[in-house]
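Step one of this worksheet: look at the structure below.
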Amino acid sequence: MEDSSPKKILPGINYTDHQLFFISYAQRRCTLIKSDELSRQLDSSYSPDQYRVLGPLQNSVDFARAFGCTSGAFMNPVNKCVLF
Numbered sequence: 001m002e003d004s005s006p007k008k009i010l011p012g013i014n015y016t017d018h019q020l021f022f023i024s025y026a027q028r029r030c031t032l033i034k035s036d037e038l039s040r041q042l043d044s045s046y047s048p049d050q051y052r053v054l055g056p057l058q059n060s061v062d063f064a065r066a067f068g069c070t071s072g073a074f075m076n077p078v079n080k081c082v083l084f
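Count the sequence shown with the UniProt record's numbering and you get residues 1 to 84, in order.
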């Protein structure tokens, strides 16, 4: 069911609700990593934060649509890994 009510926009924020969703997702992993921490992360079984953001978003059709990424752009590669 489509919501026909007008979209509310936060003052001074020029992003859609879909864009804000992806921005908040990425900000959770936004970090400044020192070289010793990066070395520790690379030895970990978990990917470094930047790849935990870039990988899922690059493979998201919804992300590309929300931000108007052209096909083949860095954040919208032609070949995607679709899990669901």
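Where a beta carbon is used, it is the ideal one built from N, C-alpha and C, also for glycine.
The structure displayed is predicted, hence computed values, not measured ones.
How many Å lie between residue i and residue j at the Cα?
| i | j | result |
| --- | --- | --- |
| N59 | N76 | 7 Å |
| D36 | R28 | 21 Å |
| G55 | P6 | 33 Å |
| V82 | G12 | 35 Å |
| K80 | L10 | 32 Å |
| S24 | G68 | 18 Å |
Can you tell me where the alpha helix (DSSP H) with residue i in it begins and where it stops?
| i | result |
| --- | --- |
| A64 | V61 to F67 |
For the putative contact between residue i and residue j, defined by C-beta atoms under 8 Å, what is the C-beta separation to the nearest angstrom?
| i | j | result |
| --- | --- | --- |
| T16 | A66 | 7 Å |
| R38 | P48 | It is worth fixing the name first, because residue 38 is Leu in this sequence and not Arg. That belief holds up - the Cβ atoms of L38 and P48 are roughly 7 Å apart, short of 8 Å. |
| V78 | S71 | 6 Å |
| F74 | F22 | Actually they do not touch by this definition, with Cβ atoms about 15 Å apart. |
query: What are the complete beta strand (DSSP E) segments, minimum 3 residues, inside the UniProt domain "Peptidase M13 C-terminal" (4-81)?
result: none
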